[in-house]
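As structure tokens, the structure follows; a few thoughts come after it.
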Amino acid sequence: MQWIAQGFIFRHTASPYHQLDPRVKLLIAVELFTLALLVGSLLEVAVALSGVFVIAGVSKILRRMSRTLTYTLIFAGMIFGINLLVGYPLIDSMVIAVRFIAIVGSTSVFFLTTPPDELELVMKWFRLPRDLIFAFVTAVRFVPVLMMDALQIMDAQKSRGLELQKGNIFSRFRRFIPILIPLIVDAVIRSGELAEAMESRAYGAVKNPTSIYVLCVKRRDTFATVLSITLMVPAIYLFLSVI
Amino acid sequence: MIEFSSVDFEHPNGVMALRGINLQIRTGEVTAIVGENGAGKTTLVKHTNGLLKPTHGKVSVFGVDTRKESVAHLSKRIGVIFQNPDHQLFSDSVENEIKFALTNFGFQEDVIANRLNWALNFFDLEKYRSTSPMLLSGGEKKRLCIASVLAWDPDVTILDEPTVGQDFVQKERLMNMIQMLVSQGKTVVIVSHDIEFIWPLQPRVVVMAGGKILADGRAEDIFRNEEILRKARLIKPQLLDLADGLRVKPAGAFPNVYDAKRWLIHRLKSE
Numbered sequence: 000m001q002w003i004a005q006g007f008i009f010r011h012t013a014s015p016y017h018q019l020d021p022r023v024k025l026l027i028a029v030e031l032f033t034l035a036l037l038v039g040s041l042l043e044v045a046v047a048l049s050g051v052f053v054i055a056g057v058s059k060i061l062r063r064m065s066r067t068l069t070y071t072l073i074f075a076g077m078i079f080g081i082n083l084l085v086g087y088p089l090i091d092s093m094v095i096a097v098r099f100i101a102i103v104g105s106t107s108v109f110f111l112t113t114p115p116d117e118l119e120l121v122m123k124w125f126r127l128p129r130d131l132i133f134a135f136v137t138a139v140r141f142v143p144v145l146m147m148d149a150l151q152i153m154d155a156q157k158s159r160g161l162e163l164q165k166g167n168i169f170s171r172f173r174r175f176i177p178i179l180i181p182l183i184v185d186a187v188i189r190s191g192e193l194a195e196a197m198e199s200r201a202y203g204a205v206k207n208p209t210s211i212y213v214l215c216v217k218r219r220d221t222f223a224t225v226l227s228i229t230l231m232v233p234a235i236y237l238f239l240s241v242i
Numbered sequence: 000m001i002e003f004s005s006v007d008f009e010h011p012n013g014v015m016a017l018r019g020i021n022l023q024i025r026t027g028e029v030t031a032i033v034g035e036n037g038a039g040k041t042t043l044v045k046h047t048n049g050l051l052k053p054t055h056g057k058v059s060v061f062g063v064d065t066r067k068e069s070v071a072h073l074s075k076r077i078g079v080i081f082q083n084p085d086h087q088l089f090s091d092s093v094e095n096e097i098k099f100a101l102t103n104f105g106f107q108e109d110v111i112a113n114r115l116n117w118a119l120n121f122f123d124l125e126k127y128r129s130t131s132p133m134l135l136s137g138g139e140k141k142r143l144c145i146a147s148v149l150a151w152d153p154d155v156t157i158l159d160e161p162t163v164g165q166d167f168v169q170k171e172r173l174m175n176m177i178q179m180l181v182s183q184g185k186t187v188v189i190v191s192h193d194i195e196f197i198w199p200l201q202p203r204v205v206v207m208a209g210g211k212i213l214a215d216g217r218a219e220d221i222f223r224n225e226e227i228l229r230k231a232r233l234i235k236p237q238l239l240d241l242a243d244g245l246r247v248k249p250a251g252a253f254p255n256v257y258d259a260k261r262w263l264i265h266r267l268k269s270e
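Chains as they are written, first to last, in numbering that gives the first Met the number 0: chain A, 0 to 242; chain B, 0 to 270.
What follows is the structure, encoded as structure tokens:
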């Protein structure tokens, strides 16, 4: 569990992909996402998935992405099983399941290579409302915090004799109540404290606050944009023409 | 008895939290585990009830290898009280919160009723019996956490940073509770930075730094060793510092800090 939780914590990595402008990373993620959505055959899904893994490899996040994709693999297995059960052919069921992995992988690549600060800058660039940006970025920042909290709560409850792995699926679900309640209460308390701390530091005092960092496109960003469009747009066009 | 034999522990992110730990915690002993943040203190105590299993080496608790037993089974003899009360309180009433572990361990109803009443009275929580734990103050929540663990009468009580966020009165209550456990022959392990809280208990002190045991010995010897204190980023207890400054050597264990202070004042007056 902790192994998975660690995967959700953003870490700066010395890779050329991490240094790209976040807008370029978003463009590449959208291209990969679109590619994954349009796949219809095993070959196409292999192309989309390899695109995700090539970028994950270049970004040196393959190991971390494998952690975040652990639950995705379980869901993909369920999707595969359900499709088979309702009568889809084996190959089609596989394509649908692997497509799901490619879709999640494309968004994982973006979130694992883009720190919350850069995410905020991208959203500002899109001129989204400030409160919405703050809420979204805070939610992203809190995912690993909540996961680590959940692990600590599980430790505390297991130390009081709670056995999470015992019984059938319903009793196991019931056993998670002592985990979920402190987690939710703690999150509510934390959000209240955060709101007070933000207001104490003049959040919302001016309509248009200044920003320390400004996004600027460098030569490597232009190169990455041109390269991604050159490779992805024909692939998307090909996939669309097959449909 | 808890025994660590050449224990290494590596976190999933590759960080080595414990390196070659050899430690024996004997029955009836009060042990304080001290050290700077990230020294591996909490990781060490999480091995005692099997929450963490060693990467290398062996941890045995009353002769049982922790790798071969469930956390629930080990927890019946090892009660761990965690730092943050908000990480464990979930029931709709104080009564049910204390009952939670007792029912998990399968105690009989009459035993549960007895233990519940003892815990409510001893920790002065009787008036909150039907109150939601969420409505209690910080100190009351901490007391409830301790009550919910001591209710099943574990042989070993481990307190992880028990004094964080506690006022003077709560610390005094904690001190009394630890002394009560010691008088009953129970084993107590305290993980803390709070040297002033630890010093009057005169425990065995285990100093940790960088996942290793830096020193292990009597409180008086450890807290007088300037080099160990510097390496572990600790400071000498004020009373000991004052006594050393006055070239007066405290003799034996003090039941509490006030007795130690009274003793020092008496010595000063007599000299």
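In this text, a Cβ means the ideal position worked out from N, Cα and C, and glycines have one as well.
Integer-rounded CB distance, given that residue j should sit under 8 Å from residue i
i       : j       : result
M147(A) : S107(A) : Actually they are not in contact, since the Cβ atoms of M147(A) and S107(A) sit about 19 Å apart, beyond 8 Å.
L17(B)  : G39(B)  : 5 Å
P199(B) : K141(B) : Not really, about 19 Å apart at Cβ, beyond 8 Å.
Y16(A)  : V57(A)  : 5 Å
I152(A) : I178(A) : 5 Å
V53(A)  : V94(A)  : At roughly 20 Å, the Cβ-Cβ gap does not stay under 8 Å, so V53(A) and V94(A) are not in contact.
T41(B)  : E9(B)   : Not a contact, Cβ separation roughly 15 Å.
L48(A)  : A13(A)  : Not really, about 26 Å apart at Cβ, beyond 8 Å.
V58(B)  : F99(B)  : Not really, about 26 Å apart at Cβ, beyond 8 Å.
L124(B) : L143(B) : 6 Å
L182(A) : A149(A) : 5 Å
V188(B) : I20(B)  : About 14 Å; that fails the 8 Å criterion.
Assigned secondary structure, residue i (DSSP; H/G/I helix, E/B strand, else coil)
i       : result
R159(A) : coil
I100(A) : helix
Q169(B) : helix
N82(A)  : helix
A58(A)  : The displayed chain sequence assigns Ser, not Ala, to residue 58(A). DSSP places S58(A) in coil when its eight states are reduced to three.
D7(B)   : strand
I32(B)  : strand
E2(B)   : strand
G49(B)  : coil
K57(B)  : strand
V190(B) : strand
V216(A) : coil
G50(A)  : helix
V44(B)  : helix
D152(B) : coil
D91(B)  : coil
V94(A)  : helix
Burial state of residue i, where buried means 16 or more other Cβ atoms lie within 10 Å
i       : result
A84(A)  : Going by the sequence as given, residue 84(A) is Leu instead of Ala. Label assigned to L84(A): exposed.
A28(A)  : buried
I97(B)  : buried
I32(B)  : buried
K45(B)  : buried
P243(A) : This structure does not reach residue 243(A), given that chain A is present from 0 up to 242, and the question cannot be answered.
V187(A) : exposed
T221(A) : exposed
E30(A)  : buried
K185(B) : buried
F169(A) : exposed
L73(B)  : buried
R159(A) : buried
F125(A) : exposed
H86(B)  : buried
E94(B)  : buried
F167(B) : exposed
Opening and closing residue of the alpha helix (DSSP H) in which residue i lies
i       : result
N116(B) : E108 to F121
A208(B) : First-last for A208(B): R203 to A208, but that is the beta strand (DSSP E), not the alpha helix (DSSP H).
M122(A) : P115 to W124
R200(A) : First-last for R200(A): undefined, no H or E at that position.
T130(B) : T130(B) -> no alpha helix (DSSP H), and no H or E assigned at all.
T156(B) : Per DSSP, T156(B) belongs to no alpha helix (DSSP H); it is in the beta strand (DSSP E), V155 to D159.
S147(B) : G137 to L149
A231(B) : That residue, A231(B), is in no alpha helix (DSSP H); it is neither H nor E in DSSP.
E30(A)  : P21 to L37
Start-to-end residues for the beta strand (DSSP E) that takes in residue i
i       : result
A214(B) : K211 to R217
N21(B)  : M15 to I24
Q80(B)  : According to the sequence shown, residue 80(B) is Ile rather than Gln. Per DSSP, I80(B) belongs to the beta strand (DSSP E) from I77 to I80.
Contacts of residue i in chain C (Cβ-Cβ under 9 Å)
i       : result
E162(A) : The structure shown contains no chain C; its protein chains are A and B.
Residues in the stretch 142 to 160 of chain A having any Cβ partner in chain B nearer than 8 Å
Look at the stretch 142 to 160 of chain A: the residues with a C-beta under 8 Å from a C-beta of chain B are D148, Q151, I152, D154, A155, Q156, K157, S158, R159 and G160.
Positions along the stretch 189 to 203 of chain B whose CB lies within less than 8 Å of some CB in chain A
Of all residues in the stretch 189 to 203 of chain B, none has a Cβ within less than 8 Å of some Cβ in chain A.
Anything in the stretch 176 to 189 of chain A with a Cβ closer than 9 Å to a Cβ of chain B? List those residues in chain order, please.
Taking 9 Å as the Cβ-Cβ cut-off against chain B, the residues of the stretch 176 to 189 of chain A that qualify are I176, P177, I178, L179, I180, P181, L182, V184, D185 and I188.
Chain-ordered residues of the stretch 94 to 110 of chain B with a beta carbon less than 8 Å from chain A:
The stretch 94 to 110 of chain B vs chain A, Cβ under 8 Å: F99, A100, N103 and F104.
Using a Cβ cut-off of 8 Å, which residues of the stretch 108 to 119 of chain A contact any Cβ in chain B, in chain order?
Correct list: empty, as no residue qualifies.
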